[in-house]
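Note that the sequence shown covers residues 183 to 459 in the working numbering. Glycine included, every Cβ here is placed at the ideal spot set by N, Cα and C. Following: one structure in structure tokens, then a few remarks.
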Amino acid sequence: MGNPCLSAGYFPDIERLLGQLVNRNSGPSSLIALCGAGGKTSTLFWLARHFAQTGLRVLITTTTRMYLPTPDQYDTLIIGEHVGDGMGARPSDVAAIAPGITALFAAREGEKVSGPSPAALDRLKAQGHFDLILVEADGARGRLFKLPALHEPCIPSASDWVIALTGAPCIEAPAGPEHIHRWEQVQAVTGLKEGQPLTLALLDGLLDHPEGIFKGAPTQARRVWLINGNYQNERAWERELASLLGRHPELHAIWLGAVREPVAIRYSVSHVADSTP
């Protein structure tokens with residue numbers, strides 16, 4: 183790669199890659215917030231399934247709104263007005279927590295559910311009921327890319343990791359509101375005009391921009407940029423992504439893959455000092 187400070191590889195060991203997300207240095211629970219666009223919900227369930235299969239107690243929730251998960255996506259469902267004060271209205275809910283996936287929401291609104299506040303999830307993490315808390319902390323209305331509005335994203339301050347997603351099909355493609363959420367915001371920050379390509383060079387400038395891809399990420403949280411939905415073109419971007427990461431010491435890693443595929447991560451580049459669990 184030409185950069186001794188970086189470690190890169192194709193088809194990385196997924197156990198090692200994901201194992202670093204649940205280290206015990208920050209307490210009994212790890213909290214991962216997902217933001218951006220291009221597959222947050224799919225990534226949430228991919229991570230939840232992986233860690234539940236290893237025997238962990240996994241919580242999935244949102245600080246915004248999301249569609250109510252289907253029964254095959256969780257083992258336990260808790261919906262209640264008092265989730266912001268703890269695990270739920272009944273103390274027995276806590277005692278019943280077992281390895282597997284618990285879906286926790288504050289209220290149901292038709293086909294969608296709303297979740298606890300970021301502050302409530304900070305408290306829940308401190309209580310240590312779960313090994314891992316996965317939070318969808320942003321909305322994008324199914325688009326491939328977005329920049330956050332003033333009130334977004336809603337990231338808990340106790341987050342250990344922030345994984346920001348970008349949908350791979352929008353990169354190098356003509357930009358426009360059909361696949362970019364909050365198009366006016368993107369235009370205001372970048373000067374991008376409709377029909378111009380959303381390039382990796384442009385995205386480079388948004389990784390550390392105060393209104394950019396990682397807006398609101400707590401200073402202590404490690405940052406991973408996940409370019410999702412790329413099935414076979416990782417080698418075309420290898421050199422540029424490694425160079426980009428070298429310019430961004432605030433990033434832990436860049437992952438390139440497609441979380442709905444059997445091989446979810448096809449390429450990873452990380453800073454060597456942070457590459458081990």
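Nonlocal neighbours in the same chain, by C-beta distance under 8 angstroms from residue i, ignoring five residues either side
i    : result
P273 : The predicted model places P273 with a pLDDT of 38, which falls under 50 and marks its position as unreliable, so this point remains unresolved.
S450 : A190, G191, P194, L199, A435, I436, W437, L438
E354 : P379, L380, T381, L382
T225 : L216, I345, L347, L408, N410, V441
D257 : A234, A280, G282, I283, T284
I214 : L203, L229, L314, I315, L316, V317, S341, D342, W343, V344, I345
H232 : I196, L200
Span of the alpha helix (DSSP H) around residue i
i    : result
T233 : Position check: residue 233 holds Phe in this sequence, whereas Thr was assumed. Here the alpha helix (DSSP H) through F233 covers 222 to 235.
A301 : 300 to 309
A331 : Here A331 belongs to no alpha helix (DSSP H), and DSSP marks it neither H nor E.
I395 : Unbroken run through I395: none, as it is neither H nor E.
L199 : 196 to 201
A190 : Where A190 is concerned, there is no enclosing alpha helix (DSSP H), although the beta strand (DSSP E) it sits in stretches over 188 to 192.
D386 : 382 to 386
V371 : 365 to 372
7 angstroms Cβ shell around residue i - same chain, five flanking residues per side excluded
i    : result
M183 : Its pLDDT being 41, under 50, M183 is placed unreliably by the model, and the measurement read from it follows with that caveat. Closer than 7 angstroms at Cβ, skipping near neighbours: A190, A424.
E197 : none
E293 : Y249, L250
G339 : At residue 339 the sequence reads Ser, which differs from the Gly that was named. Closer than 7 angstroms at Cβ, skipping near neighbours: P300, D304, P400.
R325 : A219, H361, I362, H363
V406 : W343, I345, H434, A435, W437
Residues bridged to residue i (per DSSP)
i    : result
N410 : G349, G439
I279 : Paired residue(s): none; I279 is not in a bridge.
V240 : I283, L314
R247 : S296
E291 : K294
I447 : G439
R405 : V344
H216 : Just to set this straight, residue 216 is Leu in the shown sequence, not His. Its beta-bridge partners are E318, I345.
S452 : S189, A435
P379 : P356
Start and end residues, beta strand (DSSP E) containing residue i
i    : result
V295 : 294 to 296
I337 : I337 -> no beta strand (DSSP E), and no H or E assigned at all.
L259 : 258 to 261
Proximal residues to residue i (C-beta, below 6 angstroms), its chain only, five neighbours per side dropped
i    : result
K222 : L216, E318, L347
W365 : P359
L389 : I395, H430
A277 : Low local confidence applies: a pLDDT of 48 at A277 is under 50, so the model's placement there is unreliable, with the coordinate-based value given in what follows. Nothing listed; no residue qualifies.
Nearest to residue i (by Cα), restricted to the options the options
i    : options                : result
R247 : D386, R404, G297       : G297
Q367 : P431, G394, H453       : G394
L314 : E443, A230, P444, H430 : A230
L303 : Y249, T244, A219       : T244
G349 : G398, N412, K375, E334 : N412
G237 : P300, V295, F312       : F312
L259 : R239, H363, F287       : F287
L188 : L433, K397, L374, A446 : L433
V295 : G218, C352, T252       : T252
V371 : V406, E291, G218, P392 : P392
G398 : H363, E334, Q255, H232 : E334
Backbone CA spacing between residue i and residue j [nearest angstrom]
i    : j    : result
C336 : P330 : 10 angstroms
I242 : R404 : 19 angstroms
F327 : D320 : 12 angstroms
H453 : R421 : 15 angstroms
L426 : R417 : 15 angstroms
N205 : G377 : 43 angstroms
R307 : V240 : It is Lys, not Arg, that sits at residue 307 in the sequence shown. Each residue's alpha carbon lies about 11 angstroms from the other.
G220 : R323 : 10 angstroms
L374 : L385 : 11 angstroms
G268 : Q402 : The pLDDT assigned to G268 is 49, lower than 50, so where the model puts this residue is not dependable; a value taken from the coordinates is nonetheless given after this. Cα-Cα distance, rounded: 24 angstroms.
E182 : P351 : What the structure shows of the chain is the stretch from 183 to 459, and residue 182 is not part of that stretch, so it cannot be assessed.
G428 : Q255 : 37 angstroms
I447 : A357 : 25 angstroms
V445 : F227 : 15 angstroms
A289 : G387 : 38 angstroms
W419 : E291 : 41 angstroms
Residue i CB to nearest heavy atom of the ligand GDP below 8 angstroms
i    : result
Y192 : Because no ligand of any kind appears in the structure shown, any question about the ligand GDP cannot be addressed here.
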